[in-house]
Amino acid sequence: MAAGILLAAVALIGAVACSAGGDQAPAMPTGSAAPAPGGSENQANDATRAAYGQANQGALTLVALGGLGTDKGVGDQVRGLAPDLTSQGQALLDRVKPAATAAGVALGDQL
62 MAAGILLAAV ALIGAVACSA GGDQAPAMPT GSAAPAPGGS ENQANDATRA AYGQANQGAL
122 TLVALGGLGT DKGVGDQVRG LAPDLTSQGQ ALLDRVKPAA TAAGVALGDQ L
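Everything in the sequence shown is counted per the numbering used here, starting at 62 for the first residue and increasing by one.
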């Protein structure tokens with residue numbers, strides 16, 4: 062399941078980046094800056110920001126669930142899967158954060 066989430070997040074980011082129409086994703090406003098009014102370019106920016114945000118939240122969730130399973134897991138299967146969730150979530154974070162930064166999207170470290 063975690064591997065599927067990882068693959069889906071990477072595929073989503075790749076699809077959004079590929080649909081941007083250039084070699085790199087367009088720069089996006091960060092923080093509380095309001096998006097510029099208007100056309101489809103702004104929608105792509107919003108979609109890209111949303112994709113990076115969802116991938117970041119998914120990765121943070123995997124790390125948190127892995128930590129929870131390690132700390133409080135009752136069954137052997139839970140304790141056995143927990144380190145995999147943590148490492149896969151961290152691997153996703155390690156890929157998403159630099160890609161988002163390169164695209165001009167600021168990501169948080171909180172769920």
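Cβ coordinates follow ideal geometry from the N, Cα and C atoms, glycine included.
query, result
"Should T162 go down as buried or exposed, given a rule of 16 or more other Cβ atoms within 10 Å for buried?", "exposed"
"Check this for me: beta carbons of T122 and T147, under 8 Å apart or not?", "no"
"In chain order, what residues of the same chain have a beta carbon less than 8 Å from the beta carbon of G169, not counting five sequence neighbours either side?", "N117"
"Under 8 Å by Cβ, that's how I've got A164 and T109 pegged, so tell me the actual separation to the nearest angstrom.", "6 Å"
"What does the alpha-carbon distance come out to for the pair K158 and P144?", "21 Å"
"Determine the DSSP secondary structure at D170, reduced to helix, strand or coil.", "coil"
"Taking the alpha helix (DSSP H) that V139 belongs to, which residues open and close that run?", "137–163"
"Short check: CB of L154 to CB of A120, under 8 Å?", "yes"
"Here's the rule: buried if 16 or more other CB atoms are within 10 angstroms of the residue's CB, otherwise exposed. What is G150?", "buried"
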